[in-house]
Amino acid sequence: MKDIFIFSVETSCDETSCAIIKNGKEIIGSVVLSQIDIHKKFGGVVPEVASRNHVKNITIIFQELLEKSNMKFEEMSAFAVTYGPGLTGSLLVGIEAVKTLSFIYNKPLIPVHHIAGHIYANNLVGDFVFPLIALVVSGGHTELVYMKDHYDFKKIGGTMDDAVGECYDKVARVMGLSYPGGQKIDELACGQANYKLPKPLDDNSYNFSFSGLKSSVINLIHNEDQRGNSINKKDLATSFQKVIVDTITKKTMKAIEEYNVKQLLLAGGVAANKGLRNKLKELCKEKHIELLMPPMEYCTDNAVMIGIAGYYAYKKGIRGSLSLNAISSMELK
Ligand code: KG4
Ligand code: ZN
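Quick note: the sequence shown uses the numbering used here, first residue 75, plus one each step.
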């Protein structure tokens, strides 16, 4: 069988990234240029600054990738790109670059949903066993997705307000931790869970709501500050993380049971969270569920995951045209 090489591009937020993926599994090469240091001083991603930096860097990383992979654009089977959700100006940089390549080399253009990419990062560690449940936790998403086949997504629940990563980042900011604070809270979460925090939405649905929890942590910090008391950051991080992890894992395990699946995939930037990874490992072992988690470096945004998802989209016949546009907000499909 002829090998399929996908050249993939991801520019949905503040990482400029490209990769070459062979047959949906093998990383031939990958380059990720993070803009975190640029945005850190603003306390979050500034969209205009992000897109300008994508423009500045995109051709440089393409060149670097081809050189280190020892491959040429002519050898690619198709060009895949994230077309949403994300920051419109940032997405457009990747989309226009890939449209140009697809036109020049006369090869298919594959539009990839960013979350499909996060889910497919798991293909690096194992084969998907259907039906399965994917738990997607990132800066923009908290979702439970049911898949009965490759590239067949059905959302069964999602966030009603803040995404979990967003909630981590906002709490971290008030705790005086630098952007993006999710990882810093995770590192601090090795104390005692002795701060009393409210329980987020705990109903029969698969929906999530973390904004109340976020507000109460922020209020708690402000109140203690006004009283002149200091916060035990380790204990607060531990208490906050425990509530999040308990809430997410409870609903996820319920979905696994109800949908009678044997495999769980963890996906998105917050998949790097040690507390969440450990708790899911423990619960899945207990229930004999196979758990796939992406390698740490492929949890946050990267083009490798887009190239893997792009391969399955390619096999399914999904094609984009030269009129492909960025879509800042859209359901997984
Ligand atoms: O998937 P991602 O790179 O971007 C989006 O698609 O949103 O996720 C970034 C998010 C940020 O909110 C970041 O704080 C969070 O993932 N994150 C973490 C950890 N590492 C990254 N949150 C909690 N614990 C971590 N270890
Ligand atoms: Zn992402």
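Glycine included, every Cβ here is placed at the ideal spot set by N, Cα and C.
Three or more beta-carbon pairs drawn from the stretch 145-161 and the stretch 397-404 are found closer than 8 Å, and the two stretches are therefore classed as touching. As the crow flies, the alpha-carbon of alanine 345 is around 27 Å from that of valine 123. Assigned with DSSP and collapsed to three states, leucine 354 falls in helix. In the three-state scheme derived from DSSP, where H, G and I count as helix and E and B as strand, phenylalanine 81 is classed as strand. Pairing alanine 93 with glutamate 360, the inter-Cα distance amounts to about 37 Å. Every beta strand (DSSP E) stretch that sits fully inside the stretch 323-382 and reaches 3 residues is listed by chain position as 337-341 and 364-366.
Approximately 6 Å separates the beta-carbon atoms of isoleucine 112 and asparagine 127; this is inside 8 Å, confirming the contact. Taking the Cβ of glutamate 356 as the reference point, every heavy atom of the ligand KG4 lies at 7 Å or farther away.
Annotated three-state conformation of phenylalanine 202 is coil, per DSSP. Annotation for isoleucine 305: no alpha helix (DSSP H) segment contains it, and DSSP assigns it neither H nor E. Taken through DSSP and simplified to helix, strand or coil, glutamate 89 comes out as strand. When secondary structure is reduced to three states using DSSP, glutamate 122 falls in the helix class.
Within the same chain, Ala267 come within 6 Å of lysine 316 by CB-CB distance, once the 5 residues on both sides are set aside.
In the structure shown, the three-state DSSP call for leucine 218 is strand.
About 12 Å separates the Cβ atoms of serine 104 and aspartate 375, ruling out a contact at the 8 Å cut-off.
Distance between aspartate 236 and isoleucine 380, taken at the CA atoms: about 24 Å.
A straight-line Cα-Cα distance of about 18 Å links isoleucine 134 and alanine 154.
In this structure, histidine 188 has its beta carbon less than 7 Å from a heavy atom of the ligand KG4. Residues of the same chain with a CB within less than 7 Å of the CB of phenylalanine 314, apart from the 5 flanking positions on each side, are Val245, Ile259, Leu271 and Val291 in chain order.
In the structure shown, lysine 229 falls within a strand segment according to DSSP collapsed to helix, strand and coil. By the rule of a C-beta closer than 5 Å to any heavy atom of the ligand ZN, the residues picked out are Ser212 and Asp375. Under the three-state reduction of DSSP, alanine 152 is assigned to strand. A direct Cα-Cα distance of roughly 12 Å separates glutamine 137 from phenylalanine 81.
Methionine 404 counts as exposed, since fewer than 16 other C-beta atoms from the protein chains shown sit within 10 angstroms of its C-beta. Between glutamate 364 and the set Leu350, Ser304 and Ile330, the nearest pair of CA atoms involves Ile330. Using a Cβ distance threshold of 8 Å, glycine 213 and aspartate 243 count as a contacting pair. At the C-beta level, leucine 218 and threonine 326 come within 8 Å of one another. Its chain contains Asp243 as the residues whose beta carbon lies nearer than 6 Å to that of proline 254, once the 5 sequence neighbours on both sides are disregarded; these appear in chain order.
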